[in-house]
Each structure stands twice: as C-alpha cells, then as structure tokens.
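Please read the structure below before turning to the comments.
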C-alpha cells in the first residue's frame with residue numbers, strides 16, 4: 017500500500033517537472049527546461065533520486 021502511494025507521488029513529481037519545463041516564466045523553470053531537454057539520461061537520474069527518497073521514506077516509517 018505504501019509503495020503504491022510513493023509511486024503516485026513520483027508520478028505527481030514527474031508531471032510537475034514536465035509542467036514546469038513547458039512554462040518558462042521563472043529563471044529556475046528555464047533552468048529545469050534546459051535540463052529536461054537533456055533527455056532520457058536526466059529522466060533516469062530523476063527517477064533514481066525519487067526512488068532513493070521513497071526508500072528512505074519507507075526506512076524511516078518502519
């Protein structure tokens with residue numbers, strides 16, 4: 017159950033990143049957009065980071 021919640025949170029994060037990268041109004045979002053254009057390598061890094069956070073969250077809840 018916890019894992020499903022974490023997956024949902026990860027999806028929300030990815031959707032947010034995609035949304036941010038398409039609305040270049042803020043300097044930070046512009047930076048993110050350029051970073052996003054880096055392609056799959058960046059997406060893989062984001063997923064790894066989110067997975068690490070998810071694992072830490074589970075570890076602290078147990």
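Residue numbers (the working numbering): 17 to 78. Heads up, the beta-carbon is just placed ideally off N, CA and C, and yes, glycines get one too.
Within its chain, find whatever has a CB closer than 7 Å to the CB of residue 66; leave out the 5 residues flanking it on each side and keep chain order.
Within the same chain, and ignoring the five residues on either side of residue 66 in sequence, the residues whose Cβ sits closer than 7 Å to its Cβ are 26 and 29.
Can you list, in chain order, the residues of its chain whose CB lies under 6 Å from that of residue 70, leaving out five sequence neighbours each side?
22.
Residue 31: which of 18, 63 and 76 sits nearest, CA to CA?
Looking from the CA of residue 31, the closest CA among 18, 63 and 76 belongs to 63.
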